[in-house]
Structures are given as structure tokens and as C-alpha cells.
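Engineer: Protein chains in written order, with the working numbering: chain A, 1 to 321; chain B, 322 to 610; chain C, 611 to 939. Even glycine gets a Cβ: it sits at the ideal position worked out from N, Cα and C. Please find one structure pasted underneath; my questions will follow.
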Amino acid sequence: MTGALLELDDLHVEYPARRGTVRAVNGVSLRLERGMTLGLVGESGCGKSTAGQAILQLIQPPGRITGGRIVFEGRDMRDLSPEALRRLRGDRIAMIFQDPTSTLNPVMPVGAQIAELFRWHRSGVDGAEIRRRVVALLARVGIDEPERRVRSYPHELSGGMRQRVVIACALALDPALVVADEPTTALDVTVQAQILELVRDLQTERGTAVLLISHDLGVIGEMCDRVAVMYAGVIVESGAVDDILERPRHPYTIGLVASRPRIGQPDQDIRPIPGSVPDLAKLPTGCAFHPRCALADEACRNVTPALRTIGAQAVACHKAV
Amino acid sequence: MDIESGLARFWRTLRRSPKGMTGFALIALALGIAIAAPLLAPHDPSRQVIAWRFLPPLWEDGADPAHVLGGDDLGRDIFSRVLLGARVSIAVAIVVVALAMTIGSVLGAIAGYFGGMLDTLIMRLAEFQLAFPFLLLALMFMAVLGPGFYTLVTALTVALWVNFARVVRGEAMKIRPLEYIEAARSIGVPTWRIVLGHVLPNVFPSIVVLATLDVALVIIAEAALSFLGLGVQPPTPSWGMMISDGRDFLYEAPWMVLGPGVAILGTSIGINLFGDFLRDTYDPRLERP
Amino acid sequence: MLALIAKRLGYALIVIAGVIFVVSIMIKLVPGDPVDIMSAGNPGMTEADKDRLRQQLGLTRPVLEQYFSYMGGALRGDLGISLRQRVPTAQLIVERLPATLELTFWAMVLALILAFTLGIVTALYQDTLIDYAGTIVAVLGVSMPGFLFGILLMLVFSVHYDLLPSSGYGGSVIAVIPRAIVSGDPALLWSRARYFVLPSVSLGFALMAINARLIRSAMIETLRQDFVQFARAKGLPRRVIYLRHALRNAIIPVVTVVGLQMGALLSGAIVVETVFAWPGIGRLAVQAVSWRDYPVVQAVVLLSASLFVTLNLIVDLLYRLIDPRMRDG
């Protein structure tokens, strides 16, 4: 299994809470090649954001990674020293968070927030050069009057512009991988489209690999080459985007795909999946989806299904064909 | 709200908190001493006996077990004086806080509920008063009215009402535009009833926390003013004054300040711990004054 | 921003005018005849003397006239003559103000340095032994009256171990800093600073305890924010994250409170100066009150309140400077 840019191997992340141990990530395995866009899709509360943060080792105590490997460019991130980890972050792997308003420091000008990446990762570059690059970055992400905007504070910018600044931070040092956690969820619909287009352009331009975490299948469909569907802390199906969207095999994925409202088919009722997501502290036995699955039987209730290949994708279900 | 079950619940929460229990115990001790002081005191606190002058306390040589904390410069029993001093401190504290709470709440309710000129008037008054640092305000009162119990109470009440007013005003302003208040008004429910019935219950926990913490403040303030010679006048024993006397004899009789000092510290710590516990339980958002 | 400054300044001036009013009519509020009260300890005063005194104190004038007369005098620097010491009040104040100002200054500096250190450390080591120790200090700080702390310090450092003086004033430390640096003579600084140690620590202790708690909660709250997580994701060094990102934001709520604490500091100075026989205006005020020396009381109150109002104004503007979101009111 060499050559992959990023590989998650049986990752487990837990954190203690008053109601019990929350098992946010329960044996997730993923593989991301260079330049590829992988989507990680699931409803809120399925552990996808936690998985994303775990990659950069950003899980804060009392949460912790309790098992598995995170291999980036051939090295297991869990073995790295804190200093080595620090150097990777922002430089080789970058992250974009959901809400640009809370992601940016309110009392620092946006230019400075981009500039500090250079200051702390590229010691050779002098002040004037840093400023040049920051302005160029701002222009590249589509912020006009970048010379002036360098001194602006986040509250002086619109939501879309703030997210562009965040993207600029992420791409400043040309990382090999960008983890984007719901990058458009907090934005207006029209702005969403612009941001997605920006990300796609930049990605094509620089060959960056992107792990796009989202609950929105539409976004995933537009942006990603491959997708992994996550439910209750495990991957239930993964494969190429087209395959998954056209021929979903796992009952959950089938439900997800079917519940999307489609333009052009006004007569169809929206069909949500019955039931609700399980509490990650109190997971059901066996397959986590069985309480909501029409096909569930004894085996589903007792034995956790492993990923097996059906057709072009990997599916974790006893019943799928 | 059922008062009995409310109290029972409160007691249970209290018992689980070491901070709260310690505070409660200290307060109970202080109150007990204040109430029973005349019975507990082994000697008359104003009685001066030459043989007792500078008598060392129990942990030093030459002590007399009849005088646990020793004797002061005028030959009075320190222990008895500390016990009686509790009465003054606690009496002043309770009276002041009760007054400030009442006056502050009423003014705050008026300001918040009626708004307009009344609100502006009361709030401007409050802000203006805040231009004077606390002790300075007290000094002004002392200069004009002369030292003594009543001036002390007046000065401290004036310094304290503002915070209560603010809290109650906030709550009153919140309920004023609400529909059910309009409804009550339209059927002729008198204003004071509305305020009492709706503003007070919501604001009650915050006020109780504030009042508790203010009691500690007042005890310290009263001690400070007595220390400066501007509190209750002799022969009434007061912890602050005892410390002031003790300071002059720090080299000869350092124990003169220890008795009242520990008393003030203990009472104050107890109240602050308890107040902290109350705040954690009922209103963690309340900022410390 | 400029309009805001003008508005705040205007408001501050109105408040000061109000303070002058209260101060100028203070004497009139004394129940009974203040002159009779004052002359009770002075049998040699004739009725004529008393009348002259009444004139001098403005007791015979209507309120408004008294107000403007006092204000006029104040603006000229004439704050009346001390009844007890027979010298111009302004002179007494000028003699003693530096001592109080410098005491307050050092108390604040000490309190803030220790508060920041303690606050940040307890925030970073939350729920450990260090944090627990910090809580104990905080409770003590709030519960311990300034004068008691001062006396206890005196007991330990002056009476028991003869390390520091229990009273006295050796002159301004700030004034000799340049000379001490130039001549490389720390002994010069210490000869004066040793008098400041106990009083400053007494005055600053409560403040330090309160601020340490404040900074701690502000830091804890800030560290939970998303932008701190983003700073980590950018691979910034821990020092930068804590100081440049977190602290910068945590300071904002603290600054406002610090401004309000100036009042407590001024109040505390009154007490601490009495404990340590410090030749400042606090002690002057206390003496004046017990002697019923009204002109001095008036002057001290006026000065302190004005100082306090000005300080609050400065802090308010500073706050807006620090938080760019507040710059336009």
C-alpha cells in the first residue's frame, strides 16, 4: 500500500463525556492519492469532522486517538514529535474549517493572519517578500483591492470574503493535502458556488489533494473523484463518485441518495430515512445502521459488517448486493 | 415553586459541595458567635484590669488560661472583645445589605419598568455616584454627618445599592414589552403586583448571590472604616478598631491583632466561599463586582 | 472615532462639574452648625471669630454662588485654606500627591505582572495542583482586607524578621531611576524602594487575586474559540498561539475591569497609607475627616474623583483602541 499521499488505517478516536465514552471514529480506513479529491460524507454527528481533525492531530484533550495509524507521505503521524508535527501543519497539510467568522482571529488584520504562515514556516523570506506573496494570494483567491484588504479586519469583510482568506491561508505554502471541513455550509448559496469553483480551480492549478468533508451530497458530487460514506463513526461505503451516486449499494447510502430533492422531478416526494442518527456514546450492537434498516436481520444485529467489494465499490453491509 | 422541596434540593446541592459546606460552616459559626456572644464571653469586654495588660495568649509563655487570646494595652480580655465585635460587624453587614437590596431593587424596578425620564434619572444618579471611589464616598459622609453607627450604615448603603438596581432594572426591562404583561395591565392588575410577581422571581437568584457577596464586602468595609477610626466609636468593641489599636503595639504585643484578624478573615472567607458556591449553582454568568 | 472621543470627554467634564457641585455644598449639608462643632474643642474662639469662619467657609452664601465661587477657585488652583494647618489646601495636596500616585502605580504594576503570570499559568494548567493553589490565593485575595494584610506583612517582615521598614518614605523611586542606571548603583534604588515594598504589596494583593481569576477565565474561554484551533492547524508555535492569538483576545474583557479597579485602588490607598503612615493624600483625607478640616476634605474628594473619572475615560478609549471591532462606538 505504498504511494498513497494519506492513509488512515483503522483509526479510532474517543472522548470521555458525562453520559459515557463517545466513540466518534470507530475503525475508519481511507486512502487518498496525490492530487485526488476524496469526499467524506455523512450527517452531522457521524464523526466525519473528528476524523478530519484527527489527521492533523488536532484532537484536544480529553479527546484522544485510541488506535490506528495515520500515514502521511509514508510516515505515521502518531510517531512524530510535537515539533515535527507543527512543521507539517500549515505547510504540507492544511485545514479549512466551517465558519470563517469564528475561524479568523477578530483582532488581527487578515493580511497578518496569512503572513504568519510564512513567518513561522519559511524563515528565509524577508518582510517585503512576504507582503508581496500575501497580496498575490489575496488576489488569487478573488479578493479585489488586495493591497488595501491586507490591513482589513475580519469583521470588515463579508462571509464569502472571509472564507476566501481562510482558503488563502490554507494554500499559502502549497500543501500537498487540504482537509476542508464543511467549507461552504456557513455561506449563502450563491457564495457557495463561487467558493467551490475557487477551490476546484486552485486544485487543478496546483495539484493539491483535497479531503472534502460535507453532509451535502450535491457538493460532494460536484467536487470529488471518490467518496466515502460515513455513518456512526464507520465507513459504510466507498468508491468512485459516479458509481456511488448512480448505483449506491449500502442501505444508508441508498437512503441518502434517494432523499436528495431533484430539480426537474417535482412530483416526487422527499423521502427521508426513518429514525435518527445514534448517539455516539451509546452505539447499537452489530451494524450501527440496523435500527433504521428495512433489511436488518439477526446477523446485522450481532455482527459488525466489514468492508467488502461489490462491483466497483467497497460496502460494509451483510445484505448489500 | 414549592418552597419545601426547593429548600430540600438546595440542601442536597450544598452538601455535595466542599466549598459550599466550608463556607456555610464558617458563616454559621460567625452567626452563632454573634448571637450568643454575651453568653460565651468569659469576661466583660470593657473591663480594664491592670494585671491583664499585655497578657500573652495561650501559646506564649506567661499566659493565663482564663484569657485565651491574652490582654490588650488597656488590660481588657481580647477573646471577649473578639466575640462581642462579631455583633457589630454582622449587624452592620446585615442591615446595610438588606437596605441596599431593598432600595436598589425598588429603584431598579422603577427604572426598568417605567423607562423614560425615571430611568434616565435613576441611572444617571447611579453613574454619577460611581465617579466617587467607595471609601472616598464613605469619608464624605463621615465628614458631613460625623462618625458612628448610623453614618456607617448610610454611607455603605449608598455605596451598595447601584449593583442591585442594575440587576433588577435589566430584568424589568426584559419583561416590560412582553404580551402577558400587557394583558395583566389591561385587566387592571396594579403595577406593583406585576413587578413583584414577574420581575422578582426571575431576578431572585442573582440578587441572593449579590447580597451574599456584598455581606462580605461590608464586613471588610466596616472593619476598614473602624480601623481608620471612623466606624462605631468606643467603648463598643469592633474588630477594625481592635486591629488599629493593635498596630500601635505590634512590637510589644503582636497577638492583639491576631484575634480580630483571624475573626475577620474567617468570616470573610466563609461568606465568599458560600457566595461562590451560590453563584456556581444559580448564576455562573454573574461577574464579580 | 474622533466624534466618540469628543462625546466621552464631554461627558467626563459634566461629571466633574457635578463632583465640584457636590463637594462645594458639602459643608452646607452638615446637620447643625459646623462651626459650632469645630469650635467645641477650641474654647478660645470668640463669636466674631466664628462669624469670620462662617464667611470663609461660605456657609452664609446661597448654594449656586458657593458653587461657582468654589469652581472658580478650583480652576485657579485655589482650594481653600486648611482649617487645621493654616496653609493653602492646594499646597498640602501638591506635597503629598506624588507619594500616593507612585504607591498606586507600583501596586498596579506589581498586581498586573503577577496577575498575568498567575492567570495564564492557571489557565494553561487547568484543574491541576497549580490551578488549585491559584484558587486559594484568589479566595484569600478577595477575603483579606488590605489593612489586615498590611499589618500581617509588617508582623512578618518588620517585627519578626527585621527586613523591611514598617513605615516611612524615602522619596520617589521613579525619580532616581535614570540616575541609578547611569551610575550603575542599585543601592540607590533600593534605599528608596524598600519603603515601597510592603505598602505596594498590601495595596496590590487583592487586585492581583481578582485579576488573576479574570485573566484565567478569559484565557480559558478564548482557548476554546475556533480561531485558536485554526492557529494550531496552521502549525504555529505554541508560544505564538497562546500569546499572540489567545492572550490578545483574552485581554479585551480584562482591560475594562482594570479601569474600574482604579477606584478600588484609590480607596485601598487610603487605608494602606494609614497602616504604613505613608505621607500621601489618602492619609491626609482620613486625618482631615477626623479633624473636621472641611476645605481639605473637599479638595481631596474633588481631586480623587476627577482623577478617577479621567482614568476611566482613558481606559475606555484604550479599550476601543485594542478591540478594532469597537472603534466606531
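From which residue to which residue does the beta strand (DSSP E) around S8(A) run?
Structural biologist: Reading the first sequence from its first residue, position 8 is the one you call residue 8(A). Going by the sequence as given, residue 8(A) is Leu instead of Ser. Element bounds for L8(A): 6–17.
Engineer: Does the beta carbon of E43(A) come closer than 9 Å to any beta carbon on chain C?
Structural biologist: One-based indexing of the first sequence puts residue 43(A) at position 43. Not one chain C Cβ lies under 9 Å of E43(A).
Engineer: Could you check whether the Cβ of P905(C) sits closer than 9 Å to any Cβ belonging to chain A?
Structural biologist: On the third sequence, residue 905(C) is found 295 positions in, with the first residue counted as 1. No, P905(C) does not count as interfacial toward chain A.
Engineer: Would you identify the three-state DSSP class for D601(B), choosing helix, strand or coil?
Structural biologist: Taking the second sequence and counting its residues from 1, the one referred to as residue 601(B) is at position 280. In this structure, D601(B) counts as helix in the three-state DSSP scheme.
Engineer: Identify which residue in G469(B), D440(B), A355(B) has its Cα closest to the Cα of V403(B).
Structural biologist: For the purposes of this step, residue 403(B) is taken as residue 82 along the second sequence, with counting starting at 1. The shortest Cα separation from V403(B) among G469(B), D440(B), A355(B) belongs to A355(B).
Engineer: Pop quiz: P454(B) and F918(C) are said to be a contact at Cβ under 8 Å. What is the actual Cβ separation, rounded to whole angstroms?
Structural biologist: Locating residue 454(B) in the second sequence gives position 133, where the first residue counts as 1. Locating residue 918(C) in the third sequence gives position 308, where the first residue counts as 1. So it is a contact: roughly 6 Å between Cβ atoms.
Engineer: Specify the secondary structure class of V489(B) as computed by DSSP and reduced to three states.
Structural biologist: Reading the second sequence from its first residue, position 168 is the one you call residue 489(B). In the structure shown, V489(B) sits in a helix (DSSP, three-state: H, G or I).
Engineer: Residues of the region 816–843 of chain C in Cβ contact with chain A at a cutoff of 8 Å, in chain order, please.
Structural biologist: Hits within the stretch, in order: Q835, D836, F837, Q839, F840, A841, R842, A843.
Engineer: Mind reading off the beta-carbon distance from V465(B) to S426(B)? Whole number of angstroms is fine, and I expect it under 8 Å.
Structural biologist: As a working mapping, residue 465(B) is identified with position 144 in the second sequence. As a working mapping, residue 426(B) is identified with position 105 in the second sequence. Not a contact, Cβ separation roughly 27 Å.
Engineer: Would A205(A) be called buried (16 or more neighbouring beta carbons within 10 Å of its own) or exposed?
Structural biologist: Counting from 1 along the first sequence, the entry for residue 205(A) is found at position 205. One detail in the question is off: residue 205(A) reads as Glu in this sequence, not Ala. Counting Cβ neighbours within 10 Å, E205(A) comes out exposed, since fewer than 16 surround it.
Engineer: Secondary structure at A480(B), three-state DSSP: helix, strand or coil?
Structural biologist: As a working note, residue 480(B) is residue 159 in the second sequence. Three-state DSSP puts A480(B) in a helix.
Engineer: DSSP state of Q313(A), grouped into three classes?
Structural biologist: What you label residue 313(A) is simply residue 313 of the first sequence in a count that begins at 1. In the structure shown, Q313(A) sits in a strand (DSSP, three-state: E or B).
Engineer: Could you name the residues of chain C that N302(A) contacts, counting a contact when the two beta carbons are closer than 8 Å?
Structural biologist: Within the first sequence, numbered from 1, the residue matching residue 302(A) stands at position 302. Those do not exist, as N302(A) stays about 39 Å from chain C at its closest Cβ, beyond 8 Å.
Engineer: What does DSSP give as the partner residues of E237(A) in its beta bridges?
Structural biologist: The count along the first sequence starts at 1 and reaches residue 237(A) at position 237. Paired residue(s): V229(A), V315(A).
Engineer: Give the single residue among P698(C), F678(C), L927(C) whose Cα lies nearest to the Cα of G687(C).
Structural biologist: Here residue 687(C) is taken as the residue at index 77 of the third sequence, counted from 1. Here the closest residue by C-alpha is P698(C).
Engineer: Which one or two residues does DSSP pair with R935(C) in a beta bridge?
Structural biologist: Working through the third sequence from its first residue, we reach residue 935(C) at position 325. R935(C) is not bridged to any residue.
Engineer: Where does I615(C) sit, in a helix, a strand or coil, going by DSSP?
Structural biologist: On the third sequence, residue 615(C) is found 5 positions in, with the first residue counted as 1. Residue state, collapsed to three classes: helix.
Engineer: With distances taken from CA atoms, which of E325(B), P558(B), L335(B) is nearest E543(B)?
Structural biologist: Within the second sequence, residue 543(B) is the residue found at index 222, counting from 1. For the residues E325(B), P558(B), L335(B), the minimum Cα distance to E543(B) belongs to P558(B).
Engineer: Establish whether the CB of V625(B) and some CB of chain C are separated by less than 9 Å.
Structural biologist: No answer is possible for residue 625(B): it lies beyond the span of chain B, which begins at 322 and ends at 610.
Engineer: Nearest by alpha-carbon distance to D944(C): which of E675(C), R902(C), L913(C) is it?
Structural biologist: Here chain C comprises residues numbered 611 to 939, so residue 944(C) is not present and cannot be evaluated.
Engineer: Check whether the region 386–396 of chain B touches the region 564–581 of chain B, taking contact to mean three or more Cβ pairs, one atom from each stretch, closer than 8 Å.
Structural biologist: Enough Cβ pairs lie closer than 8 Å, so yes.
Engineer: Does R31(A) come out as helix, strand or coil in the three-state DSSP assignment?
Structural biologist: Sequence index remark: in the first sequence, residue 31(A) carries index 31 (1-based). The answer is strand: DSSP assigns R31(A) an E or B state.
Engineer: Alpha carbon to alpha carbon, how far is G567(B) from V899(C)?
Structural biologist: In the second sequence, counting from the first residue as 1, residue 567(B) sits at position 246. In the third sequence, counting from the first residue as 1, residue 899(C) sits at position 289. Roughly 22 Å separates the two Cα atoms.
Engineer: W800(C): buried (16+ other C-beta within 10 angstroms of its C-beta) or exposed?
Structural biologist: Your numbering for residue 800(C) matches position 190 in the third sequence. W800(C) should be labelled exposed.
Engineer: Does the distance from the CB of V625(C) to the CB of E448(B) come in under 9 Å?
Structural biologist: Here residue 625(C) is taken as the residue at index 15 of the third sequence, counted from 1. Here residue 448(B) is taken as the residue at index 127 of the second sequence, counted from 1. A contact, by the Cβ cut-off of 9 Å.
Engineer: Which residues in chain E sit within 9 Å of L586(B), going by Cβ to Cβ distance?
Structural biologist: The structure shown contains no chain E; the protein chains it does contain are A, B and C.
Engineer: Is it a yes or a no for the region 138–145 of chain A touching the region 85–97 of chain A, going by three-plus beta-carbon pairs under 8 Å?
Structural biologist: Because the criterion of three Cβ pairs below 8 Å is not met, the region 138–145 of chain A and the region 85–97 of chain A do not touch.
Engineer: Do you know offhand how far I348(B)'s Cα is from I590(B)'s?
Structural biologist: As a working note, residue 348(B) is residue 27 in the second sequence. As a working note, residue 590(B) is residue 269 in the second sequence. The alpha-carbon atoms of I348(B) and I590(B) are separated by roughly 9 Å.
Engineer: Which residues in chain A have a C-beta closer than 9 Å to the C-beta of D933(C)? List them in chain order.
Structural biologist: Residue 933(C) sits at position 323 when you count from the first residue of the third sequence. Neighbours of D933(C) on chain A, chain order: P106, V107.
Engineer: Just to confirm, is the Cβ distance from V417(B) to L477(B) under 9 Å?
Structural biologist: As a position in the second sequence, residue 417(B) is number 96, starting the count at 1. As a position in the second sequence, residue 477(B) is number 156, starting the count at 1. Yes; because the gap between Cβ atoms is below 9 Å, this pair is in contact.
Engineer: With a threshold of 7 Å on Cβ separation, who are the neighbours of H290(A) within its own chain once the five nearest residues in sequence on each side are excluded?
Structural biologist: Here residue 290(A) refers to the residue found at position 290 when the first sequence is read from its first residue. For H290(A), where only same-chain residues beyond five positions count, the Cβ hits under 7 Å are P284, A296, C300, R301.
Engineer: From the DSSP output, in three-state form, read off A574(B) for me.
Structural biologist: The sequence position of residue 574(B) within the second sequence is 253, counting from 1. Coil, per DSSP.
Engineer: Is it buried or exposed for V629(C), if we count other Cβ within 10 angstroms and need 16 for buried?
Structural biologist: Position 19 of the third sequence, counted from the first residue, corresponds to residue 629(C). V629(C) comes out buried.
Engineer: So which residues on chain A does V998(C) lean against when the C-beta distance must stay under 7 Å?
Structural biologist: This structure cannot speak to residue 998(C), because chain C is shown only from 611 to 939.
Engineer: Excluding five sequence neighbours on each side, which residues of the same chain lie with their C-beta closer than 6 Å to the C-beta of V28(A)?
Structural biologist: In the first sequence, residue 28(A) corresponds to position 28, counting from 1. So the qualifying residues of the chain are L8, L11, A51, I235.
Engineer: Could you tell me which of T101(A), L171(A), D243(A) sits nearest to T185(A), measuring between CA atoms?
Structural biologist: As a position in the first sequence, residue 185(A) is number 185, starting the count at 1. Per the Cα distances, T101(A).
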